[in-house]
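S.K.: Take 233 as the starting number for the sequence shown in our numbering and just add one per residue.
What follows is a single structure, and I will ask about it in a moment.
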Amino acid sequence: MRKLISKLVFSDSLVTPRQAKFRLVRDFVGLSLIAIGLIYALYAIVDNQRNQIIEGEKRRAYEQMSAIRASIEQRIQANVLVLRALKPEILGQDTPDRERLQRMIDEFMDLELDISHLALAPDLVVSYIYPEEQNVGALGLDYRTVTAQYHEVLLAIASQDIMLAGPVDLVQGGVALVARLPIFDEQDKLWGIASLVIDHQAMFDKIALHRHPEYQVILTRKSADSKQTKLISGKPQMLADDNISMAVNVPGDTWQITLAPRDGKWLPADRDFTWLWLVGGGVIALIVMAFSILIVTQSRLRRAFYTISYQSRFDPLTDLPNRQFFNHKLLQCIENAEMNNSGFAILLLDLDHLRDINDALGHEIGDALLQKVVERLATMLPPEDILGRIGGDEFAIISQQSIDSVEVEAMARRCLSEIMNTTEIAHNQINITASVGIALFPRDATEAQALIKCAELALYAAKSTGSMSVSFFDEHLRQATEQHIALHHQMITALDTQQFHVEYQPVIDTQSGLLSRCEALIRWDHPTRGAISPAEFIPIAEKTGAIIWLGEYVLQQVIKDWQKMRDNGLDLTIAVNRSPREFNDKDAADNWLAALEQAGMPADHLMLEITESMLMRNKERQLDNLKKLRSAGVHLAIDDFGTGYSSLNYLRSYPIDVIKIDRGFLANVPVNPTQTALVEVLLRIAFTLNMQVIAEGVEERSQVEFLRDKGCHFQQGFFYGRSMRLDAFMKFAHLHNEQVRLSATPADKE
């Protein structure tokens, strides 16, 4: 580069005047083009800055709009839940006075909800309104005669669920939202319509919908009959053309919330780019005048090379060495240790449940948590130690202080203790735990990759022990790993040689006492080891991916066995455990449903059991498969409910219809009052969500009676029977059901 500059500066004396003039014109043209390019680049920078600010304002507005939407949805749900709560009373107290119903309405209206009144319309004719004051004019209203409302009444009847309509012009005067619930009697015959009138303006005032200091907001909906946009609240003429919108989910309908700045401009008034133009223009003028464009270009190249080099070696979030650069540092440490005849320790630290924190609180919170963890670790580690991030939630430390096991373990536990301290991020109090695996050089390995592999095996052992565990690599871990690999290969062979079989455990209907369901459980008869526990081979299958083949085998066998059960006079629903990995295939649901259809097995005779952790992952492909299965009639159950991290929000978002209470909760029930209260809470949660409940681990008569008293739908456990092969199970099922029918009282038989 310096030679090129020297040639450009000092070569004019060696050329003719004509050549000099030509070069002058050439250089001038070149400088002019460069200046034009720089001016355009400056414009692009200014425009990019402006667009970034606008996008930032819109992102902030989206956050505000999300909060408004959540307030609207929660407020409407709170009001609509009243209608669900009153449904049993409407049919159960079908008397002219309905005093009990009135008392319940009064209680709900005292809860600061937005309820105006309740109207009951048996056979679609309003015959009861409470309170009647100012609403008498609606008595006797026949919905069939009111064209504006009749269509939405029919839609509510067709949906057989609550539908929110409005704003509706009320017959007695005024405008309000109307939540309509079709009510059917015990013969599934339409009894009529229950309508809950909601004062939407009062509701919007309570959530300050139109009092936001920065934004104008309007709410609209699609008309059910004309499909035209209908205004719910706000002044649409006040919104700017450049606005943002978001869907609002209400019972039976979808609204749209639209938002724009009050002044119609997304760019704040205090943002002025004049200074940027002045500075940029001055820089461009200086570059042209000083003929320093080459130096600037060289500087930019150096910065680009530096950025590329830095990004290839360091993690962008934590500024720690990445896996590749950490391996390079590890090789250097090995060389130095061999030269000095010394040793060092490598620690792998894995954070627990970081994925759950990302799913629950967002990746921004998760990233901030990682930065806090790095800050704490870097503060406590000596300067000569090397800290790197080698995975999403995995860190590595090269400690050159000592290779004494006691000292290294003490340092590892100090790291764990420092990490576990409560961290406050965005008003969230977060506790994070971790596990540490340790390998020592040269005791465990003398090569970099082998040393990391030893530390990974130790980390795996620590995580298997539980959170906040520290484990050193030893020969036992190596042997265990080799055994896992061997067991994996034996599983593949076992599938080909039919060493696996399926057994069935009874599931009893609590109310009738009949065996109406069963759970399919895979068993492995090893030719030399005998029966191998699923607790031993299932985790290995999950880790290696063999679980997909095992799951396919179980499903195919269940379909064949169901056909034999049907031919044997047993009409049962069979539960099958499925791994989250099996739902990653986008065609999984279609393939399973096709297998059911081909075998003639009704979809509602199959129940798939999934774990709570699958709900937390929130993968769109898995959710699509679940929705397809549930819409086809397949039952979906959460296995071992209460042992994971799922929340009511996840349960509402996923098409789950059955909850299985883990056997651990039923231990010491009903003797232990704390355990008993916990089971009662889980049952109430399921009942509130309209889900069926299967209690696992029933082993005592007292547990049977307790679950019957609390309304648990199904029971499963050793009290009724262990898992059995197909033939034994069919005999057991017939014998059990026959005994139940024979022991039934005359009243039960009626």
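Heads up, the beta-carbon is just placed ideally off N, CA and C, and yes, glycines get one too.
Nearest by alpha-carbon distance to Ala351: which of Leu387, Ile322, Leu840 is it?
M.R.: Taking the sequence shown and counting its residues from 1, the one referred to as residue 351 is at position 119. The option with the nearest alpha carbon to Ala351 is Ile322.
S.K.: Let me know the secondary structure DSSP gives Tyr886 once reduced to three states.
M.R.: Residue mapping note: residue 886 aligns to position 654 of the sequence shown, counting from 1. Here Tyr886 sits in coil by DSSP.
S.K.: Rounding to the nearest angstrom, what Cα-Cα distance links Met336 and Ala820 in this structure?
M.R.: As a working note, residue 336 is residue 104 in the sequence shown. As a working note, residue 820 is residue 588 in the sequence shown. Roughly 48 Å separates the two Cα atoms.
S.K.: With DSSP as the reference, label Phe873 as helix, strand or coil.
M.R.: Indexing the sequence shown from 1 puts residue 873 at position 641. It is a strand residue.
S.K.: Whether or not the region 749-759 and the region 734-741 are in contact is what I'm after, with contact meaning three or more pairs of Cβ atoms, one per stretch, closer than 8 Å; do they touch?
M.R.: yes
S.K.: By a C-beta neighbour count over all protein chains shown, 10 Å radius and 16 as the cutoff for buried, is Val368 buried or exposed?
M.R.: Translated into positions along the sequence shown, residue 368 becomes position 136. Only exposed fits Val368, as fewer than 16 other CB atoms lie within 10 angstroms of its CB.
S.K.: Should Ala302 be labelled buried (16 or more other beta-carbon atoms within 10 Å of its own) or exposed?
M.R.: For the purposes of this step, residue 302 is taken as residue 70 along the sequence shown, with counting starting at 1. Exposed, by the Cβ-count rule.
S.K.: Just to confirm the assignment: which complete beta strand (DSSP E) runs, minimum length 3, are found wholly within the region 691-760?
M.R.: 702-704, 732-741, 747-758
S.K.: Taking 6 Å as the limit between beta carbons, can you name the residues of its chain near Ala965, skipping five residues before and five after?
M.R.: As a first step, residue 965 must be located in the sequence shown, where it is residue number 733. Leu747, Leu802.
S.K.: Applying the 10 Å Cβ sphere with the 16-neighbour rule, what's the burial state of Lys981?
M.R.: For the purposes of this step, residue 981 is identified with residue 749 of the sequence shown, where counting begins at 1. Because Lys981 sits at a pLDDT of 47, beneath the cut-off of 50, its placement in the model cannot be relied upon, and the following sentence gives the value as read from the coordinates. Exposed, since its Cβ has fewer than 16 Cβ neighbours within 10 Å.
S.K.: Out of Asp474, Ala434, Glu912, state which residue places its alpha-carbon closest to the alpha-carbon of Val925.
M.R.: Counted from its first residue, the sequence shown places residue 925 at position 693. The residue with the shortest Cα to Cα distance from Val925 is Glu912.
S.K.: Kindly provide the ranges of any alpha helix (DSSP H) runs that are 4 or more residues long and lie completely inside the region 771-845, ordered along the chain.
M.R.: Fully enclosed alpha helix (DSSP H) runs of 4 or longer: 779-799, 820-831.
S.K.: When we look at the beta-carbon of Phe961 and count the other beta-carbons within 10 Å, is it buried (16 or more) or exposed?
M.R.: By 1-based counting over the sequence shown, the position of residue 961 is 729. Under this definition Phe961 is a buried residue.
S.K.: Pull the bridge partners of Phe919 from the DSSP assignment, please.
M.R.: Here residue 919 is taken as the residue at index 687 of the sequence shown, counted from 1. None, per the DSSP bridge assignment.
S.K.: Would Ile842 and Asp817 be called neighbours here (beta carbons separated by less than 8 Å)?
M.R.: Locating residue 842 in the sequence shown gives position 610, where the first residue counts as 1. Locating residue 817 in the sequence shown gives position 585, where the first residue counts as 1. Cβ distance not < 8 Å, so Ile842 and Asp817 don't count as in contact.
S.K.: Going by CA-CA distance only, name the one from Asp473, Trp487, Ala479 that's closest to Asp495.
M.R.: In the sequence shown, residue 495 corresponds to position 263, counting from 1. Considering only alpha carbons, the answer is Asp473.
S.K.: In whole angstroms, what separates the C-alpha of Gly865 from that of Gly943?
M.R.: If you number the sequence shown from 1, residue 865 lands on position 633. If you number the sequence shown from 1, residue 943 lands on position 711. Gly865 and Gly943: Cα-Cα distance of roughly 24 Å.
S.K.: Within this structure, are the beta carbons of Leu562 and Ser631 separated by less than 8 Å?
M.R.: Here residue 562 corresponds to residue number 330 of the sequence shown, with the count starting at 1. Here residue 631 corresponds to residue number 399 of the sequence shown, with the count starting at 1. Taking 8 Å as the Cβ cut-off, Leu562 and Ser631 do not qualify as a contacting pair.
S.K.: Examine the Cβ distances between the region 708-718 and the region 902-919 and report whether three or more of them are shorter than 8 Å.
M.R.: no
S.K.: Mind checking whether Ile464 and Pro399 have CB atoms under 8 Å apart?
M.R.: Along the sequence shown, one-based indexing puts residue 464 at 232. Along the sequence shown, one-based indexing puts residue 399 at 167. Cβ distance < 8 Å, so Ile464 and Pro399 count as in contact.
S.K.: Can you tell me whether Ala440 is buried or exposed, with buried defined as 16 or more other CB within 10 angstroms of its CB?
M.R.: In the sequence shown, counting from the first residue as 1, residue 440 sits at position 208. The residue is exposed, with fewer than 16 neighbouring Cβ atoms inside 10 Å.
S.K.: State the DSSP-derived secondary structure class of Trp498, mapped to helix, strand or coil.
M.R.: What you label residue 498 is simply residue 266 of the sequence shown in a count that begins at 1. Looking at Trp498 - three-state DSSP - the assignment turns out to be coil, as it is neither helix nor strand.
S.K.: If you follow the beta strand (DSSP E) that Asn481 is part of, which residue opens it and which one closes it?
M.R.: To locate residue 481, count along the sequence shown from 1; it is residue 249. Here the beta strand (DSSP E) through Asn481 covers 476-482.
S.K.: Can you determine whether any heavy atom of the ligand GDP sits closer than 7 Å to the C-beta of His966, and answer yes or no?
M.R.: Judged by which ligands are present, the structure shown has none, so any question about the ligand GDP falls away.
S.K.: Who are Ala353's beta bridge partners in DSSP?
M.R.: Residue mapping note: residue 353 aligns to position 121 of the sequence shown, counting from 1. Its beta-bridge partners are Ile425.
S.K.: Taking the C-alpha atoms as reference points, what is the distance between Thr760 and Arg813?
M.R.: Position 528 of the sequence shown, counting from 1, holds the residue named residue 760. Position 581 of the sequence shown, counting from 1, holds the residue named residue 813. One C-alpha to the other measures close to 30 Å.
S.K.: Excluding five sequence neighbours on each side, which residues of the same chain lie with their C-beta closer than 8 Å to the C-beta of Ala763?
M.R.: The residue labelled residue 763 in the question sits at position 531 within the sequence shown. These residues qualify, in order along the chain: Arg755, Trp756, Asp757.
S.K.: By the 10 Å Cβ neighbour count, where 16 or more other Cβ atoms means buried, how is Tyr178 classified, buried or exposed?
M.R.: For the chain, the structure presents residues 233 to 982; residue 178 sits outside this window and is missing.
S.K.: Leaving aside the five residues before and after Lys859 along the sequence, list all residues of the same chain whose C-beta is less than 6 Å from its C-beta, in chain order.
M.R.: Here residue 859 corresponds to residue number 627 of the sequence shown, with the count starting at 1. Counting only Cβ-Cβ distances below 6 Å, and skipping sequence neighbours, we find Pro887.
S.K.: Counting beta carbon pairs with one atom in the region 689-702 and one in the region 662-672, are three or more of them shorter than 8 Å?
M.R.: yes
S.K.: On the CB-based measure, 16 or more other CB atoms within 10 Å of its CB, does Tyr375 come out buried or exposed?
M.R.: The residue you call residue 375 lines up with position 143 of the sequence shown. Buried, since its Cβ has 16 or more Cβ neighbours within 10 Å.
S.K.: Arg675 by DSSP, collapsed to three states: which one?
M.R.: Position 443 of the sequence shown holds residue 675. Secondary structure of Arg675 (DSSP, three-state): coil.
S.K.: For Phe224 and Ile740, which I take to be in contact (beta-carbon distance under 8 Å), what is that distance rounded to the nearest angstrom?
M.R.: In the structure displayed, the chain extends from 233 to 982; residue 224 sits before or after that span and is not available.
S.K.: Could you check whether Leu428 and Asn311 sit closer than 8 Å to each other, using their CB atoms as the reference points?
M.R.: Taking the first residue of the sequence shown as 1, we reach residue 311 at position 79. Taking the first residue of the sequence shown as 1, we reach residue 428 at position 196. Yes; because the gap between Cβ atoms is below 8 Å, this pair is in contact.
S.K.: In chain order, what residues of the same chain have a beta carbon less than 7 Å from the beta carbon of Ala293, not counting five sequence neighbours either side?
M.R.: By 1-based counting over the sequence shown, the position of residue 293 is 61. In its chain, beyond the 5 residues on either side, Tyr447, Ile476, Leu491 have a beta carbon closer than 7 Å to the beta carbon of Ala293.
S.K.: Could you pull out every unbroken alpha helix (DSSP H) segment of at least 4 residues lying fully inside the region 585-657, listed in chain order?
M.R.: Within the region 585-657, the complete alpha helix (DSSP H) runs of at least 4 residues are 586-593, 595-612, 637-652.
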